[in-house]
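Numbering (this note's numbering), first residue to last: 770 to 1026. Using N, Cα and C, we set each Cβ at its ideal position, and we do this for glycine too.
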Amino acid sequence: MRSDERYIHIPNTMKRVLVLLPTLDEAEGIAEVVPRIPKGVLQQAGWEVRILVVDGGSDDGTIEIAESLGCSTLRQYGKGKGAAMRQGFSIFLQGECDALVMLDADGTYHPEEIPRFLRGLEKSDVVVGDRLKGKMDPDAMTRVNYFGNHLLTWCAVALYGVAMNDLCSGYWAFKRPSIAMLNLNSMRFEIEAEMYTSCAMEDLKMTHIPIRYSSRLGEAKLGSVKDGWNILRKLLVRRIFKTPPQTTPGEGNLNLD
Ligand SMILES: Nc1nc2c(ncn2[C@@H]2O[C@H](COP(=O)(O)OP(=O)(O)OP(=O)(O)O)[C@@H](O)[C@H]2O)c(=O)[nH]1
Ligand SMILES: [Mg+2]
770 MRSDERYIHI PNTMKRVLVL LPTLDEAEGI AEVVPRIPKG VLQQAGWEVR
820 ILVVDGGSDD GTIEIAESLG CSTLRQYGKG KGAAMRQGFS IFLQGECDAL
870 VMLDADGTYH PEEIPRFLRG LEKSDVVVGD RLKGKMDPDA MTRVNYFGNH
920 LLTWCAVALY GVAMNDLCSG YWAFKRPSIA MLNLNSMRFE IEAEMYTSCA
970 MEDLKMTHIP IRYSSRLGEA KLGSVKDGWN ILRKLLVRRI FKTPPQTTPG
1020 EGNLNLD
């Protein structure tokens, strides 16, 4: 064997993680969030990182900034965070990554915590970041949202009987097969609630880890009362109709084509 040949056949033991970032006019946020993704630490832990930004039609340069930072970008079909996430999940399943981490691109969540999520996946199917038991900056969440998040989380647990600490958290990690089991048709901010209902009904093992939560950069897109009501309605609808219409068994309803 030539001296260099021994390196050629080394099996690639690196796993791949897709970091999924939904954006709508998040120029400031994306410029801060992407460089904070700890690629070096993840690489040492055996993870190769890919970043996909699914954009809802930003006109503030978000896409250009994301691309300049090495992200893949995609203009979503339709409108809404839910539609964007479903499209991102669908693309994930078409690719070869082993795990997916999703977080908002507004600077509220801390990308430095991604390795903790991936460690959590060693013992569970899904890991959910818990802001309510984590360390929250004083102005990170309005009182209305704080109360609403607790109330909706309580309703979710009462309806589904499966542990959940922070229903509206936007920071989740999934093993690949878990994504394939999700049945979703949410268009807007009810997507996380529906992810919870789907995980609960598919008996996926969820763990919760306390996370940091900070004030957002740029403007919020969520309307507390309207979106709060949509979340509650989604919890009730899924309790009665377990899967959305047009769901393909085992494949869910992730694609919007
Ligand atoms: N692709 C896409 N992303 C969206 C859309 N609406 C919001 N987002 C993104 O989804 C993430 C969450 O939106 P936010 O407005 O921060 O909502 P939130 O985090 O629930 O509410 P705040 O606590 O007020 O920040 C952010 O990264 C947004 O840019 C949309 O229609 N399409
Ligand atoms: Mg936010």
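query, result
"With DSSP run on the structure shown, which of helix, strand or coil describes residue 806?", "coil"
"How about residue 939 and residue 876: are their beta carbons less than 8 Å apart?", "no"
"Please report the distance separating the alpha-carbon of residue 779 from that of residue 866.", "Note on residue 779: pLDDT 47, under 50, position unreliable in the model; the coordinate value appears next. Each residue's alpha carbon lies about 20 Å from the other."
"Let me check you understand the geometry: is the CB of residue 910 closer than 7 Å to at least one non-hydrogen atom of ligand 1?", "yes"
"Since residue 978 and residue 885 are thought to touch, with beta carbons under 8 Å apart, how far apart are those beta carbons, to the nearest angstrom?", "6 Å"
"Does the beta carbon of residue 985 fall short of 7 Å from some heavy atom of ligand 2?", "yes"
"Starting from residue 982, follow its DSSP beta bridges and name the residues at the other end.", "905"
"Could you pull the DSSP bridge partners for residue 942 from this structure?", "870 and 896"
"Please report the straight-line C-alpha distance between residue 988 and residue 949, rounded to a whole angstrom.", "32 Å"
"Counting only the same chain and skipping the five closest in sequence on each side, list residues whose C-beta sits under 7 Å from that of residue 970.", "1011"
"Going by DSSP, which residues form a beta bridge with residue 792?", "824"
"Would you call the stretch 887 to 899 and the stretch 952 to 959 in contact, with 3 or more CB pairs under 8 Å?", "no"
"Going by beta-carbon coordinates alone, are residue 824 and residue 805 separated by less than 8 Å?", "no"
"Excluding the five sequence neighbours on either side, which residues of its own chain have a C-beta within less than 7 Å of the C-beta of residue 1001, listed in chain order?", "921 and 924"
"Give me, in chain order, the residues of the same chain whose beta-carbon lies closer than 7 Å to that of residue 903; leave out the 5 immediate sequence neighbours on both sides.", "979, 980, 981 and 982"
"Quick one: what's residue 844 bridged to in DSSP?", "824"
"According to DSSP, is residue 957 part of a helix, a strand, or is it coil?", "coil"
"With DSSP collapsed to three states, give me the class of residue 977.", "strand"
"Under the three-state reduction of DSSP, which class applies to residue 838: helix, strand or coil?", "coil"
"Spell out a yes or no on whether the stretch 929 to 946 and the stretch 811 to 830 are touching, meaning 3 or more CB-CB pairs, one atom from each, closer than 8 Å.", "no"
"For the alpha helix (DSSP H) holding residue 914, just list the boundary residues, first then last.", "912 to 929"
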